[in-house]
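Sequence order for the protein chains is A and B.
Under the working numbering, the residues of the first sequence are numbered 128 to 356, in order.
Under the working numbering, the residues of the second sequence are numbered 128 to 356, in order.
2 protein chains.
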Amino acid sequence: TALEQSAAPSTRPSPLAGQSVLITAGPTHEPIDPVRFIGNRSSGRMGFAIAAAAANVGARVCLISGPSRLPTPAGVERVDVETAEQMYQAVLDRAPQAAVFIAAAAVADYRVEARAMHKIKRDNQPDQLSLVPNPDILKAVAGLTDGPLTVGFAAETDDVLDNAHDKLTAKGIDMIAANAVGEGKGFEVADNALTVLWPGGHRELGHKAKTQLAAELIDLVGERFHAAD
Amino acid sequence: TALEQSAAPSTRPSPLAGQSVLITAGPTHEPIDPVRFIGNRSSGRMGFAIAAAAANVGARVCLISGPSRLPTPAGVERVDVETAEQMYQAVLDRAPQAAVFIAAAAVADYRVEARAMHKIKRDNQPDQLSLVPNPDILKAVAGLTDGPLTVGFAAETDDVLDNAHDKLTAKGIDMIAANAVGEGKGFEVADNALTVLWPGGHRELGHKAKTQLAAELIDLVGERFHAAD
């Protein structure tokens with residue numbers, strides 16, 4: 128029946144109440160020169176919604192955000208960064224003290240090898256841009272001794288579930304939230320659908336507003352945190 | 128005296144009243160794959176302010192904008208584009224019928240040679256990004272027979288005046304507005320300073336709000352349009 132299918136709001140206190148939850152959000156910008164950068168289409172909406180949802184259940188939330196125009200959710204401490212390296216540093220400074228780390232940012236895998244200190248002129252442009260890998264923030268946090276419960280995101284254009292499962296295993300993380308992106312899906316839009324996987328289980332959080340998805344994800348993270356505790 | 132130095136608002140009708148003015152604004156985004164792109168720090172504020180100022184003096188304004196969250200100024204027709212090639216096409220479709228073309232967009236000089244149709248995986252990333260030149264919109268418009276009066280921008284990090292003068296000559300345009308950019312200057316800020324050059328003259332429009340600069344630039348463009356008419 129409709130009644131059974133509706134998710135009743137939990138009345139118990141969340142296992143995350145009073146816990147330190149570290150969240151990344153938004154894109155990163157990797158500078159090419161003083162005016163150009165490599166960016167991505169992440170608006171930060173999902174990460175900001177998760178931060179708001181975690182604060183709502185009483186967690187102490189630190190949100191590390193790449194360039195985003197979104198307002199800081201009430202009760203959330205915000206740290207602004209631009210590049211993947213800055214985000215790595217900000218996260219690793221705080222992760223050892225966190226209970227949960229949720230990596231919702233769309234971090235650039237690669238940065239430009241040699242950032243130009245002056246604007247590159249039209250006629251002086253290299254025809255190749257050399258890229259070097261950025262540090263893998265999620266993998267680094269998952270590798271910490273006595274580190275936080277780690278939750279990753281997999282924004283995929285193809286084979287969403289297979290790719291998400293591979294990422295869960297390869298990075299050694301505790302949970303992954305997978306979604307399909309592409310034209311009009313996932314990025315720069317207000318709703319989304321997630322499949323959340325963990326070793327030995329998964330749950331579908333169907334297509335709905337990001338704020339509602341975020342609340343359900345935080346409930347599920349609370350469950351897994353409680354189970355692991 | 129202060130009275131002599133202040134720029135009194137013009138009471139005569141602008142030479143641009145009733146004229147068709149085509150303006151570009153904002154950054155362009157050059158896709159790397161479905162989620163990544165090369166962008167730049169232009170907010171679009173200067174171009175949008177110029178469009179508003181031109182509409183204010185009675186011009187018929189078409190604003191061709193790259194990705195920008197700014198609202199469309201009252202009385203302005205807006206065409207949204209993403210890439211430099213799309214902007215080129217939108218401009219060249221309209222420029223032959225325009226009286227004035229003001230190129231305020233920060234157009235990417237280069238695009239990625241081969242756009243990936245699927246998201247590039249972390250472990251599958253090329254360590255070089257091959258770039259190819261985009262068409263030069265301003266130069267193409269300046270080369271039109273019986274084309275519009277052309278106004279370019281030179282956002283420079285060094286040697287602002289020399290670089291602007293070179294650009295005026297190299298592109299064969301009628302006017303150029305030069306400004307210094309860099310950390311905290313020019314892009315993503317609400318004020319600016321411009322030096323406007325044309326063959327045989329120049330005028331300093333000192334540091335002030337972009338809306339005020341835009342109004343003074345439109346007055347100056349009107350003067351040059353009248354002189355050339």
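No residue lacks a Cβ here, since even glycine has one placed at the ideal position from N, Cα and C.
Can you have a look at residue 236(A) and say buried or exposed, based on whether 16 or more other CB atoms are within 10 angstroms of its CB? buried
Residue 291(A) and residue 281(A): beta carbons closer than 8 angstroms? Taking C-beta atoms as the reference points, residue 291(A) and residue 281(A) count as a pair closer than 8 angstroms.
Against chain A: residues of the stretch 269 to 284 of chain B by CB proximity under 9 angstroms: 282, 283 and 284
Endpoints, beta strand (DSSP E) assigned at residue 276(A): The continuous beta strand (DSSP E) containing residue 276(A) extends over residues 276 to 283.
Cβ contact check for the stretch 171 to 188 of chain A and the stretch 186 to 193 of chain B: 3 or more pairs under 8 angstroms: no
Return the CA-CA distance between residue 355(B) and residue 225(B), expressed in angstroms with no decimal places. 15 angstroms
Cβ of residue 319(A) within 8 angstroms of any chain B Cβ: Judged by the 8 angstroms Cβ criterion, residue 319(A) is not in contact with chain B.
Residue 166(B): contacting residues in chain A (beta-carbon distance under 9 angstroms): 156, 163, 164, 165 and 166
Taking its Cβ as the centre, do 16 or more other Cβ atoms sit within 10 Å of residue 304(A), making it buried, or is it exposed? buried
Less than 8 angstroms between the CB atoms is what I'm expecting for residue 264(B) and residue 218(B), so what's the real figure, rounded? Residue 264(B) to residue 218(B), Cβ: 5 angstroms. Contact.
Specify, as a first and last residue, the run of the alpha helix (DSSP H) that residue 176(B) falls within. 172 to 183 is the span of the alpha helix (DSSP H), which, as asked, contains residue 176(B).
Taking 8 angstroms as the CB-CB limit, is residue 245(B) close to chain A? yes
Between 157(A), 173(A), 200(A) and 145(A), which has its C-alpha nearest residue 214(A)'s C-alpha? 157(A)
For residue 310(A), is the classification buried or exposed, using 16 other Cβ atoms within 10 angstroms of its Cβ as the cut-off for buried? Interpretation of residue 310(A) is limited by its pLDDT of 49, a score under 50 that renders its predicted location unreliable; no figure is taken from the coordinates.
Does the pairing of the stretch 317 to 328 of chain A with the stretch 270 to 278 of chain B give three or more beta-carbon distances under 8 angstroms? The answer is no - the stretch 270 to 278 of chain B does not touch the stretch 317 to 328 of chain A, with fewer than three Cβ pairs under 8 angstroms.
Reduced DSSP category for residue 341(B) - H, G, I as helix; E, B as strand; rest coil: Helix at residue 341(B).
Thinking C-alpha only, which one of 302(A), 340(A) and 151(A) is nearest residue 329(A)? 302(A)
Beta-carbon spacing of residue 339(A), residue 227(A) below 8 angstroms: Their beta carbons are not under 8 angstroms apart, which means residue 339(A) does not touch residue 227(A) by this criterion.
Quick check on DSSP: helix, strand or coil for residue 199(A)? coil
With a threshold of 8 angstroms between beta-carbons, can residue 256(A) be considered close to chain B, or not? yes
Using Cβ-Cβ distances below 9 angstroms, what residues of the stretch 223 to 244 of chain A are close to chain B? Those residues of the stretch 223 to 244 of chain A that come within reach of chain B (Cβ to Cβ, closer than 9 angstroms) are 233, 235, 236, 237, 239, 240 and 244.
Alpha carbon to alpha carbon, what distance is there between residue 307(B) and residue 352(B)? 26 angstroms
For residue 158(A), which beta-bridge partners are listed by DSSP? 164(A)
Since residue 298(A) is in the alpha helix (DSSP H), which residue starts that stretch and which ends it? 287 to 298
Can you tell which of 261(B), 250(B) and 179(B) has the C-alpha that lies nearest to the C-alpha of residue 229(B)? Out of 261(B), 250(B) and 179(B), 179(B) has the C-alpha closest to the C-alpha of residue 229(B).
Does the beta-carbon distance from residue 234(B) to residue 267(B) come in below 8 angstroms? no
Using a 10 Å radius around the Cβ and a threshold of 16 neighbouring Cβ atoms, would you call residue 238(A) buried or exposed? buried
Top-ranked residue by Cα proximity to residue 164(B), from 298(B), 258(B) and 325(B): 258(B)
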